[in-house]
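Under the working numbering, the first residue of the sequence shown carries the number 389, and numbering increases by one thereafter. We put the CB at the ideal spot given by N, CA and C, even for glycine. See below for the structure under consideration.
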Amino acid sequence: MQGKLISWQAIRSRVMVFDAALAMIIFLIISIGIVTLYSAGMDFPGRVEGQLRNILIAFSVMWLVANIPPQTLMRFAIPIYTFGVALLIAVALFGTVKKGARRWINVGTDIQPSEIMKIATPLMLAWYFQKREGGLRWKDFIVAAVILGIPVGLIAKQPDLGTALLVVAAGFAVIFLAGLSWRVLITLVLVVAASIPVIWPRLHGYQRDRVMTMIDPTTDPLGKGFHIIQSTIAVGSGGISGKGWQHSTQARLGFVPEQTTDFIFSVFSEEFGFIGNCVLVVLYLLLVIRGLMIAANAPTLFARLMAGSVTMIFFTYAFVNMGMVSGILPVVGVPLPFMSYGGTALVTLGMGGGILMSVQRNRKLVQT
């Protein structure tokens, strides 16, 4: 009897690894996403079934990572980072070109190595700062900037500005949480602002067009500004309570671009209105708050930095996507977390959720 009890406890400790609050928030967002995708994807057969398959894979990855202690994750930091950078170099040398961008490499199927770096880069930075805990100097932050700059430079060169910005946000969160002073942060902001005249001419033409279109989309309403104009019309036409499920005229008539992926928020806004948007924003805020709570209570510096970085990834995804769909940020191709159709991004987010649950689970194990 005692042997059976021990076996059940061992199985239970491996199966019941999800943080209840975090899992519930993610489940609610995914549920809203499936309902919205069903409406947005009526003209795209197989999207809902495909997304359910992606969700199953993402939750499997989340469960697997949640079972890996942070100490074990730390051992994989250097191999994963090195492997990711090697893949980015391979993409630059002989990657697959699609729509003018060299972002993929064929390994039997096309994969996008830049997605790996959203987790690999903060993982490497967290490992680096853990090794130097208690004796950080300004030189360590320079080394950290180089660790961050290598993948960001390779990703920006593809070009993939959206993913590069996400990697910057995740990596910078680690550097800031490791102890970067506000004085240095303000100096960096001023340096970046002063560098805009130098950076602007080096941007690709379509990247400059996106910024200018964001400032005034009416300058080319039937061309480069068409997508932003139609998206903002969809967001605004939802009013207070929305037009109702499956009644998004902008999406149904084909005016909203990428309505099942990057612009799914415009469909949701048109159907559920301001009230629906408030509910969704609250859920994302709860997701971020729960992530920060897990980070604050993490047992080690590495775990705290990784949890904080993953939380920043969730925040950046949601903020940038809602901002670009609403017309206040340039269109950079960032999906809405746990809602947009897609496999790679959903698996990356699932991995991030697993890291948070691993940190929370091992904090409880340390306490007991």
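Own chain residues within Cβ distance below 8 Å of residue i, not counting five before or after
i      : result
ARG749 : VAL405, ASP407, ALA454
LEU393 : Interpretation of LEU393 is limited by its pLDDT of 46, a score under 50 that renders its predicted location unreliable; no figure is taken from the coordinates.
GLY711 : LEU717
For residue i, the residue or residues it bridges with in DSSP
i      : result
VAL485 : ARG490
ILE716 : Note: ILE716 sits in no beta bridge, so no partner.
ILE499 : ILE493
Anticipated Cβ contact below 8 Å, residue i with residue j, distance rounded
i      : j      : result
ARG751 : ALA686 : 6 Å
GLN439 : TYR729 : 5 Å
GLU659 : SER636 : 5 Å
ILE493 : LEU475 : 6 Å
VAL644 : SER654 : 5 Å
LEU461 : LEU511 : 7 Å
SER372 : VAL713 : Residue 372 is absent from the structure shown; the chain starts at 389 and stops at 756.
LYS506 : THR736 : 5 Å
SER427 : GLN634 : 5 Å
ILE652 : GLY715 : At roughly 16 Å, the Cβ-Cβ gap does not stay under 8 Å, so ILE652 and GLY715 are not in contact.
Cβ-based neighbour list, residue i, same chain, cut-off 7 Å, excluding 5 preceding and 5 following
i      : result
GLU521 : LEU689
PRO379 : Limits of the chain in this structure are 389 at one end and 756 at the other, which puts residue 379 out of reach.
THR781 : The first residue shown for the chain is 389 and the last is 756, placing residue 781 beyond what the model contains.
LEU671 : ILE413, LEU416, ILE417
Check whether residue i and residue j have beta carbons under 7 Å apart
i      : j      : result
PRO725 : PHE702 : yes
SER629 : ILE663 : yes
THR648 : GLY421 : no
GLY738 : MET450 : yes
VAL698 : GLY742 : no
ALA446 : LEU675 : no
ASN442 : GLY721 : no
THR509 : PRO467 : no
VAL436 : LEU425 : yes
PHE614 : ALA566 : no
LEU744 : GLY679 : yes
GLY632 : GLY661 : no
Own chain partners of residue i with C-beta closer than 6 Å, once the 5 adjacent residues on each side are dropped
i      : result
ILE504 : GLY472
ILE563 : ALA532
TRP515 : MET462, ALA465
VAL485 : none
Heavy atom of the ligand GTP within 6 Å of residue i beta-carbon
i      : result
GLY522 : Of ligands this structure carries none, so the ligand GTP is not represented either.
* Asked: Just checking, does the region 480-494 make contact with the region 539-547 on the three C-beta pairs under 8 Å criterion?
  -> yes
* For the region 525-536 against the region 559-568, are there 3 or more C-beta pairs whose distance is under 8 Å? -> yes
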